[in-house]
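Asker: The structure under discussion is supplied below as structure tokens; questions concerning it will follow.
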Amino acid sequence: MSLSIVLVPLAIAVISSSVDGLSHIVDACSNSQQGKSEKIQTKYRSEDLLKKTLEEYGAAVRVDADGSLTADFGVGKIRYERPGEDLRYEMQVYDVQDLEDMLCSIREIESEYHSNVQSYTYHRVKSHLADNMTIQSEEVLEDNSILITLTME
4 MSLSIVLVPL AIAVISSSVD GLSHIVDACS NSQQGKSEKI QTKYRSEDLL KKTLEEYGAA
64 VRVDADGSLT ADFGVGKIRY ERPGEDLRYE MQVYDVQDLE DMLCSIREIE SEYHSNVQSY
124 TYHRVKSHLA DNMTIQSEEV LEDNSILITL TME
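Rendered as structure tokens:
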């Protein structure tokens, strides 16, 4: 008997909510340029994956005493904090010097974070296969989904 698992890129799975939130992010960045700041709900839950993503992007990341992360992109800064350990991060954009560059950075961070989640999930699935399961095949599909076909003995 075989079983197939498809790991869909999260960037595709959440595209509608990301686009809906884009206008809110644009407003937050614009407000930041005027000295106002507001918190925006994100989809980020993992501190390790968020920090890894920010560092891979080239942001200077600081972990604050309260557990929040502050990322300096050179064109603006973002503070990520969680109201509770099992909750999603909220981000607060401030010191925006270049609105377009900051929005580009936010979009790229979101996309890369989702790729890192998919990679983490892929490796976790592979490392936690039951003893009676073996990988029959793996394939990366056109939309960057990963198809894993397992054989169950």
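Going by my numbering, the sequence shown opens with residue 4, and the numbers climb by one from there.
Beta carbons are placed, not taken as given, at the ideal position from N, Cα and C, and that holds for glycine.
No experiment lies behind these values; they were computed from the predicted model shown.
Grouping DSSP H, G and I as helix and E and B as strand, with all else coil, what is Val78?
Answerer: Residue 78 sits at position 75 when you count from the first residue of the sequence shown. Reduced to three states, the DSSP call for Val78 is coil.
Asker: In the stretch 93-125, which residue ranges form an unbroken beta strand (DSSP E) of at least 3 residues, counting only runs that do not cross its ends?
Answerer: Fully enclosed beta strand (DSSP E) runs of 3 or longer: 93-97.
Asker: Where does Thr137 fall in DSSP's three states?
Answerer: Counting from one through the sequence shown, the residue named residue 137 turns up at place 134. Residue state, collapsed to three classes: strand.
Asker: Which residue from Asp104, Thr56, Arg85 and Val78 puts its Cα closest to that of Asp98?
Answerer: Counting from 1 along the sequence shown, the entry for residue 98 is found at position 95. Checking every option, the nearest Cα to that of Asp98 belongs to Val78.
Asker: To the nearest angstrom, how far is it from the Cα of Cys107 to the Cα of Lys129?
Answerer: To locate residue 107, count along the sequence shown from 1; it is residue 104. To locate residue 129, count along the sequence shown from 1; it is residue 126. Their backbone Cα atoms lie some 33 angstroms apart in a straight line.
Asker: Are the CB atoms of Ile43 and Met94 nearer to each other than 8 angstroms?
Answerer: Numbered from its first residue, the sequence shown carries residue 43 at position 40. Numbered from its first residue, the sequence shown carries residue 94 at position 91. Result yes, Cβ atoms of Ile43 and Met94 sit closer than 8 angstroms.
Asker: Could you check the C-alpha separation between Met155 and Asp101 for me, to the nearest Å?
Answerer: The count along the sequence shown starts at 1 and reaches residue 155 at position 152. The count along the sequence shown starts at 1 and reaches residue 101 at position 98. Taking the straight line joining both Cα atoms gives about 54 angstroms.
Asker: Which term fits Glu113, buried or exposed, when burial requires 16 or more other beta carbons within 10 angstroms of its beta carbon?
Answerer: Position 110 of the sequence shown, counted from the first residue, corresponds to residue 113. Per the 10 Å Cβ criterion, buried.
Asker: Go through its chain and collect everything with a Cβ distance to Ala16's Cβ below 6 angstroms, but skip five positions before and after it.
Answerer: The residue you call residue 16 lines up with position 13 of the sequence shown. Note that Ala16 scores 42 on pLDDT, short of 50, meaning its location in the model is unreliable and no value can be drawn from it.
Asker: Given a cut-off of 8 angstroms on the beta-carbon distance, is the pair Glu115 and Tyr60 in contact?
Answerer: To locate residue 115, count along the sequence shown from 1; it is residue 112. To locate residue 60, count along the sequence shown from 1; it is residue 57. In this structure, Tyr60 lies closer than 8 angstroms to Glu115 by Cβ.
Asker: So, with DSSP's three-state summary, where would you put Leu13?
Answerer: Taking the first residue of the sequence shown as 1, we reach residue 13 at position 10. Residue confidence is low: Leu13 scores 45 on pLDDT, short of 50, so the model does not pin down where it sits. No coordinate-derived value is stated.
Asker: Consider the Cβ of Glu41: report whether some Cβ of chain D lies at a distance smaller than 8 angstroms.
Answerer: Of the protein chains in this structure there is only one, and it is not chain D.
Asker: Hey, Asn119 and Lys80: beta-carbon distance below 8 angstroms or not?
Answerer: In the sequence shown, residue 119 corresponds to position 116, counting from 1. In the sequence shown, residue 80 corresponds to position 77, counting from 1. Contact flag unset, no.
Asker: Just verifying my parser: in three-state terms, what is the DSSP assignment at Thr45?
Answerer: Here residue 45 corresponds to residue number 42 of the sequence shown, with the count starting at 1. The answer is coil: DSSP assigns Thr45 none of H, G, I, E or B.
Asker: Thinking Leu57 and Val64 are a contact (beta carbons under 8 angstroms), I'd like their distance in whole angstroms, please.
Answerer: Start at 1 with the first residue of the sequence shown, and residue 57 comes out as number 54. Start at 1 with the first residue of the sequence shown, and residue 64 comes out as number 61. Contact holds; Cβ gap of about 5 angstroms.
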